[in-house]
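Taking it in order: structure first as structure tokens, then the write-up.
Number of protein chains: 2
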Amino acid sequence: MKIEPKILKGFRDFLPTAARKRQFIIDKMRSVFESFGFEPLETPSLEYDEILTGKYGEEGDQLMYRFEDNGKRKVAMRYDQTVPLARVVAQYQNELPIPFKRYQIQPVWRAENTQKGRYREFIQCDIDTVGVATPLSDAEIIVVAAKILETLSFKNFTVLMNDRRVFSELIENGSVSKEEMDYAVVAIDKLKKIGEEGVINELVNKKFSKERAKDVLDLIRNREKTDTIKDISLYLENFPSLKEKTKFEPTLARGLSYYTGAIFEFEVEDTTGSVCGGGRYDNLIGMFAGKQIPAVGCSFGFDRIVEAMDALNLFPANLANSTTTVLVTIFSEELKQKSFETAAKLRKQNISAELYLGEIKEKNPLEKQLKYANQKQIPYVLIIGPEEARNNNITVKDMQSHSQEKTTIEDLINRIKKQES
Amino acid sequence: MKIEPKILKGFRDFLPTAARKRQFIIDKMRSVFESFGFEPLETPSLEYDEILTGKYGEEGDQLMYRFEDNGKRKVAMRYDQTVPLARVVAQYQNELPIPFKRYQIQPVWRAENTQKGRYREFIQCDIDTVGVATPLSDAEIIVVAAKILETLSFKNFTVLMNDRRVFSELIENGSVSKEEMDYAVVAIDKLKKIGEEGVINELVNKKFSKERAKDVLDLIRNREKTDTIKDISLYLENFPSLKEKTKFEPTLARGLSYYTGAIFEFEVEDTTGSVCGGGRYDNLIGMFAGKQIPAVGCSFGFDRIVEAMDALNLFPANLANSTTTVLVTIFSEELKQKSFETAAKLRKQNISAELYLGEIKEKNPLEKQLKYANQKQIPYVLIIGPEEARNNNITVKDMQSHSQEKTTIEDLINRIKKQES
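Read top to bottom, the protein sequences are chains B and E.
Mapping of the first sequence onto my numbering: position 323 corresponds to residue 323, and the numbering continues sequentially without gaps.
Here my numbering = 1-based position in the second sequence + 421.
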């Protein structure tokens, strides 16, 4: 019985070209994270249900993959990387340095509505600095995120910054009631999407008078930089390329209720929504430790970054090709030894070289091999037939220009190395 | 309410040092795989239950993580990477080049008995060449696996090779019955572990006479290389370092019943069991395509490789340290700008540099910072106090030798670069 090959909706296969692009981004991120002293952390895909449930609100509990394992334990699949981080910080608190700076790049699972173009399995890339509350630690997260975007070749991006105290101070000084602010934060977060009128309408629906809605919007809009934001800005001045990209935006709210201080979002050209967002959340990480532990961090929208890089053509062109640089064809049973030796020579020079592994037909031995190189988009095909073997040289076919010439293996090695450098 | 921070048995957190070791191996593997033209593939963690069940025998179905998702679909977590590969080959057969050479490095989940030291979540690293049946494609898998071990600095390893036809031909020529062979293969696979007597006893328990058991064992032991093994050996002669490590071993059986031709296992010194094993399996990959598709591949025992490398001390020493090379301390509010600039200078030279992010105490500002560097095993600590600022130099503390000296940032950069090269 033949079973139909298919995958679950919201889940994806990544064939080589897509997988190479993903790996390209991950490699760049890791090297930037590590250059700032962030260390890798991996946590299990499955956790005890009680560790995860109730941490992401009602929606989170609904979207979480939860089940009973073979031992009748209630388990849940990783939903984000912040709650596992909180568990790790509590569980190993005597081993971890403070600040604990970690990065984590693992898949998470959410039973999202796939009709909205959302995925049910996707990679999260997080950095967090745990255990310190200095504006410098906030600023560093922003610098790292900016460095990632620069390293991925994004030229035009904007960093919007705000401080949750912009809202809380208005409550403290009596300008806006706590209840009003709860509605205002939700509405104002959509300012860019629905415009001023939209925000006011939304507040009117929440029983604000039109005048009061306008007043509250203006009260927020006219707020000035908090001390934290000033401190962060001061540090950012060390990075001239960043300075002009950074903007204080008092209407930036970010949905998650757990933020307690600085918040920020990165937007790149031609992409709606942010590619990275984060902030300070001093009351969350301590939940398993039973004490307050300050923290700041950010999360990259991995799929959005892939999409934006595709749209802006930022991936290196050779990622679309095979990882192989040279296909070494085999001309005949008698000559195959020559091909084996040549492929080994190329690899010794760190040039990715592939031998054709299929059957070699006596009549027209190269036909299938060239077709294979074409399909895999291998840039060079190397031919060692009787004539080449006799003269101790090789024929190189450039698959892009379709030109072909006789040369030596040493010359080809030099040429490829020159191109790569 | 405080929730106890704990993880499910058989699952693991990987704190920075462990995570760095894992990543070190994965990076090396990827680069070797790609140098031979193997391309990355990723498949979903969850598949339709019907795709996975029944493919791994009764034991597999029992150990598999299976559940009903929120949409009442029966789903199962990835159990290996071969069945997903078979699905991919069928699903995208018009897009994939033949041979399709892919590598895959993803976690799999099995509800194993943890008392036997087994994990329930572990990484598999597989390479497979699909669509060709040549001995050259078998040989290449062996060469790649050997190259991986060499790249990971294993000096002494052995490659045991056999051909499943060693067994099937004895059935075909009437020397051993099919039923006898089924028992013999299972028993003989344990020859190394339980010795000749053990194998014979096991066969006697299966109703062999003692004489017949000896005869069958000898019949197998005295088999000679098949043509495939001869062809593979011929190709391996191109790799002098491999030649003396390779051994034809007619008693090697490998448990999995799906192998159809060449099989092999890699053993490294001081480690029981194999760190890599594989072979040809021409009847498995086609299961979703409804036609026979030849394939050969191997799988690395990732956790075993980590353990063997730890035991043999093969990890580079600096993996035990932080990823950070230099901690740039902050002496005071007034001098912090100097530290910011210095850290940025180091990073521009691709030297991983970290600023201390905690509060700086006026009295004894360096105490906590040095403790942090010590705990994270950061090799160099850089101090810019009032004197250093005045003289435009820096103090460098070598945390291993505990020596300390005044120098310039340029000098430190040169020194670190020299060490790294």
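The beta-carbon is built from N, C-alpha and C at its ideal position, and this holds for glycine as well.
Since the structure is predicted, the reported quantities are computational estimates derived from the model, not experimental observations.
Within 8 Å, strictly: CB atoms of residue i and residue j
| i | j | result |
| --- | --- | --- |
| B/P99 | B/V75 | no |
| B/G297 | B/D411 | no |
| B/L252 | B/L160 | yes |
| B/P97 | E/Q796 | yes |
| B/S339 | B/L319 | no |
| B/M287 | B/I148 | no |
| E/S574 | E/L735 | yes |
| E/V727 | E/R541 | no |
| E/L429 | B/E237 | no |
| E/G676 | E/E533 | no |
| B/I142 | B/I232 | yes |
| E/I781 | E/L748 | no |
| E/E745 | E/S773 | Sequence check: residue 745 of chain E is Thr here, not Glu. Yes, the pair counts as a contact, with Cβ atoms nearer than the cut-off. |
| E/D691 | E/L733 | yes |
| B/Q93 | B/A289 | yes |
| B/V89 | B/V144 | no |
| E/L844 | E/V620 | Examination of residue 844 of chain E is not possible in this model, given that chain E is present from 422 through 842 alone. |
| E/S596 | E/L640 | yes |
| B/A451 | B/D128 | Given that chain B is displayed from residue 1 to residue 421, the structure contains no residue 451 of chain B and the question cannot be resolved. |
| E/V587 | E/P505 | no |
| B/I413 | B/Q349 | yes |
| B/I384 | B/L335 | yes |
| B/D138 | B/A262 | yes |
Within chain E, partners of residue i - CB distance below 7 Å
| i | result |
| --- | --- |
| B/S67 | Rather than Ser, the amino acid found at residue 67 of chain B in this sequence is Phe. What B/F67 touches in chain E: F488. |
| B/F11 | P465 and L467 |
| B/Q375 | P518 |
Interface partners of residue i on chain E, CB under 8 Å
| i | result |
| --- | --- |
| B/I3 | E471, I472, M708 and F709 |
| B/I141 | Ordered by position in chain E, no residue passes the 8 Å Cβ test against B/I141, which lies about 10 Å from the chain. |
| B/N94 | Going along chain E, no residue has its Cβ under 8 Å from B/N94, so there is no contact; the nearest lies around 11 Å. |
| B/A111 | D490, N491 and G492 |
Residue i classed as buried or exposed, judged by whether at least 16 other C-beta atoms fall within 10 angstroms
| i | result |
| --- | --- |
| E/N516 | Residue 516 of chain E is actually Glu in this sequence, not Asn. Exposed, by the Cβ-count rule. |
| B/K55 | buried |
| E/Q502 | buried |
| B/R221 | exposed |
| E/G700 | buried |
| E/A507 | buried |
| B/S257 | exposed |
| E/K818 | buried |
| B/E265 | buried |
| E/T667 | buried |
| B/D310 | exposed |
| B/N173 | exposed |
| B/Q419 | exposed |
| E/N626 | exposed |
Proximal chain B residues relative to residue i, where beta-carbon distance stays under 7 Å
| i | result |
| --- | --- |
| E/G481 | Ordered by position in chain B, no residue passes the 7 Å Cβ test against E/G481, which lies about 13 Å from the chain. |
| E/S558 | L357 |
| E/F457 | E354 |
| E/A765 | N238 |
Best match in the options for proximity to residue i [C-alpha to C-alpha]
| i | options | result |
| --- | --- | --- |
| B/N393 | B/P386, B/T408, B/G385 and B/L382 | B/T408 |
| E/G458 | E/V802, E/Y500, E/R523 and E/F752 | E/R523 |
| B/D189 | B/R164, B/D398, B/S175 and B/K210 | B/R164 |
| E/V427 | B/T324, B/T17, B/V130 and B/E50 | Per the sequence shown, residue 427 of chain E should be read as Lys rather than Val. Residue B/E50 is the option with its Cα nearest to E/K427. |
| B/S401 | B/K418, B/Y380, B/V328 and B/I413 | B/Y380 |
| B/P386 | B/V199, B/G358 and B/Q337 | B/Q337 |
| B/E333 | E/K423, E/T555 and E/I424 | E/T555 |
| E/V528 | E/K712, E/I751, E/Q825 and E/D724 | Going by the sequence as given, residue 528 of chain E is Pro instead of Val. Among E/K712, E/I751, E/Q825 and E/D724, the Cα nearest to that of E/P528 is on E/D724. |
| E/S662 | E/Q770, E/N785, E/K423 and E/F578 | E/F578 |
| E/S456 | B/E420, B/N391, B/Y372 and B/A343 | B/A343 |
| E/N785 | E/K599, E/K576, E/T750 and E/A608 | E/T750 |
| E/G722 | E/C697, E/P715 and E/E618 | E/C697 |
| E/Y500 | E/R494, E/E762, E/K493 and E/G481 | E/G481 |
| E/T438 | E/K493, E/N742, E/Q825 and E/N812 | E/N742 |
| E/T649 | E/T693, E/L436, E/L557 and E/T572 | E/L557 |
Per-residue contacts from residue i into chain B (C-beta, under 8 Å)
| i | result |
| --- | --- |
| E/R441 | E39 and P40 |
| E/E762 | N238 |
Partner residues on chain B for residue i, Cβ-Cβ distance less than 9 Å
| i | result |
| --- | --- |
| E/Y793 | P97, I98 and P99 |
### Query
Given 8 Å as the limit, is there contact between the segment 483 to 491 of chain E and the segment 34 to 44 of chain B, that is, 3 or more CB pairs closer than that?
no
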